[in-house]
Amino acid sequence: MKALDQMRRSSQLNRYAMEKKSSIIAIGLSVHQTPVDVREQLAIAEAEWPRAIAELVAYPHIEEAAVLSTCNRMELYVVALSRNRGIREVEEWMSRSSGLALQNLMPHLFCYTDRDATEHLLRVAGGCKEVVILNRSMPRAEALAAEFPEVDSDLRLMPELMRSVAEADVVFAASSSEEILVRAQDLQSMPPASDAVGNVRRFFDIAVPRNLASDINDAPSSRVFNVDDLKEVVAANKEGRRQAAAEAEVLLRQEQLAFEAWRDSLETVPTIKALRSKAEAIRAAELDKVLSKFGEGMSKKQVRAIEELSRGIVNKLLHGPMTALRCDGSDPNAVGETLANMDALERMFELSRFELPAGARRR
1 MKALDQMRRS SQLNRYAMEK KSSIIAIGLS VHQTPVDVRE QLAIAEAEWP RAIAELVAYP
61 HIEEAAVLST CNRMELYVVA LSRNRGIREV EEWMSRSSGL ALQNLMPHLF CYTDRDATEH
121 LLRVAGGCKE VVILNRSMPR AEALAAEFPE VDSDLRLMPE LMRSVAEADV VFAASSSEEI
181 LVRAQDLQSM PPASDAVGNV RRFFDIAVPR NLASDINDAP SSRVFNVDDL KEVVAANKEG
241 RRQAAAEAEV LLRQEQLAFE AWRDSLETVP TIKALRSKAE AIRAAELDKV LSKFGEGMSK
301 KQVRAIEELS RGIVNKLLHG PMTALRCDGS DPNAVGETLA NMDALERMFE LSRFELPAGA
361 RRR
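Next comes the structure, spelled out in structure tokens:
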């Protein structure tokens, strides 16, 4: 059980610890199973993202929002005060924005919350920018994309082959065509690949008979590999890929744990505010009592000296507790200790029952 959950269960007086913290929610379309007409109605142009975000955060339970809408991905990320109400408000916005009835929209949506949502977002951020699948038949392209639902795929038909090659850094050919599909002359007028791959476009021909002409190696900034070329490379790199995948998974978990620790560290903010407010209320009330006894017999200089003395005493007394409540979230163990301190201070100072007196003076 996480330290934060233990703190919530251990204190019945602590309204801050007992409140459910904000939830992170990711809601979007399962693009490979969603008809294109539904995707079109939910698509949001990049210029419209600020408007969509403003409309989402206007809902009472949504604090923050982000939009990710591309040709084949439509996802909304929100921070909600209430998980269930936040989900309902996002679904309501999607229905209203698209004009689709909620019952028609729901079968096409996925929803992740909290840890699952952050893991999904990290995987999206760390994945390929885009994979383009070309086929002579759109149903066949869709069937192939459905086999890899975690991959962001753009589906196109073969007439768009050359445009797709010009946009790609890496091209894989695996069709049953007996004709050569790409030759060196087709590449002469194409721009080089992106800087991310050294401006060299790489072609991998795993079809037999071959789909790519061997003279592609003669084209500028192009390199082609066939089945025989790949056998040795695959054998040499198989273990390396396995290790790299394991390392990537470890990094993903580390980032997720660091994010959760930072988020948990924010739980102490209401306690810090409540403790300082209670101390200030007591200081102001006691100062009023002292000053009322002297009436008008004290000079402004004397009043100021007593006030500064009271502030100094309060600040000195609060320094230790405040230090015990501050944590940057970088160390999960330190977060657990900080949350334990929070629970202890709230019980000792009865912060769950503290309300700032309406007549308390602020000096």
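Sequential numbering from 1 applies to the sequence shown in full-length UniProt numbering.
We treat Cβ as the ideally placed atom computed from N, Cα and C, and that holds for glycine.
- Each residue's CA atom was taken as its position, placing L134 and A168 some 12 Å apart.
- L102 and E89 do not touch by the CB rule: their CB atoms are close to 12 Å apart, not below 8 Å.
- Looking at R202, M106, M298, S177, the one whose alpha-carbon comes closest to that of R39 is M106.
- For R51, the uninterrupted alpha helix (DSSP H) run begins and ends at 49-57, by DSSP.
- Spanning the alpha carbons of E119 and L252 requires a straight line of approximately 8 Å.
- When only Cα atoms are considered, V171 and N211 end up about 11 Å apart.
- Assignment of M74 by DSSP, reduced to helix, strand and coil, places it in the strand class.
- With fewer than three CB-CB distances shorter than 8 Å, the stretch 234-243 does not count as touching the stretch 303-315.
- Every alpha helix (DSSP H) of 4 residues or more that sits fully in the stretch 168-222 is shown, in chain order, as 184-187.
- The way I'd put it, the stretch 49-59 doesn't touch the stretch 20-29; fewer than three beta-carbon pairs between them come closer than 8 Å.
- Boundaries cannot be given for T34, as no beta strand (DSSP E) includes it and DSSP labels it neither H nor E.
- P139 is classed as exposed because its beta carbon has fewer than 16 other beta carbons within 10 Å across all chains shown.
- Contact between L351 and K278 holds: their C-beta atoms lie close to 7 Å from each other, under 8 Å.
- C111 and R83 have their C-alpha atoms some 11 Å from each other.
- The stretch 145-163 makes no contact with the stretch 194-205; the number of CB pairs closer than 8 Å stays below 3.
- Residue pairing of L109 in beta bridges, as defined by DSSP: L29.
- Judged by beta-carbon spacing, F203 lies within the 7 Å limit of V224, meaning their Cβ atoms are closer than that value.
- Per DSSP, the unbroken alpha helix (DSSP H) holding N315 starts and ends at 300-325.
- For L157, the three-state secondary structure derived from DSSP is strand.
- Distance from the CA atom of M158 to the CA atom of D229, rounded to whole angstroms, is 26 Å.
- In the structure shown, S137 falls within a coil segment according to DSSP collapsed to helix, strand and coil.
- For V151, there is no enclosing alpha helix (DSSP H), as DSSP marks it with neither H nor E.
- Here D343 is buried. Its C-beta has 16 or more other C-beta atoms within 10 Å.
- Only exposed fits A248, as fewer than 16 other CB atoms lie within 10 angstroms of its CB.
- S69 is bridged by DSSP to M74.
- Judged by beta-carbon spacing, I62 lies beyond the 7 Å limit of G99, meaning their Cβ atoms are not closer than that value.
- Residue pairing from DSSP places S23 in a beta bridge opposite A80.
- Around the Cβ of L317, a 10 Å sphere holds fewer than 16 other Cβ atoms; the residue is exposed.
- The shortest C-alpha to C-alpha distance from E178 to any of V151, A207, L109 is the one to A207.
- Here I272 carries a helix assignment [DSSP, helix/strand/coil].
- With 16 or more other Cβ atoms from the protein chains shown falling within 10 Å of its own Cβ, R201 counts as buried.
- In the three-state reduction of the DSSP assignment, I62 falls in the strand class.
- Per the DSSP secondary-structure output, F225 pairs in a beta bridge with F204.
- Under a 10 Å Cβ-count criterion, A246 is classified as exposed, with fewer than 16 other Cβ atoms of the shown protein chains found around its own Cβ.
- About 18 Å separates the CB atoms of D218 and A173; that is not less than 8 Å, and the two are not in contact.
- By a beta-carbon distance limit of 8 Å, R123 does not contact Q256. Their separation comes to about 10 Å.
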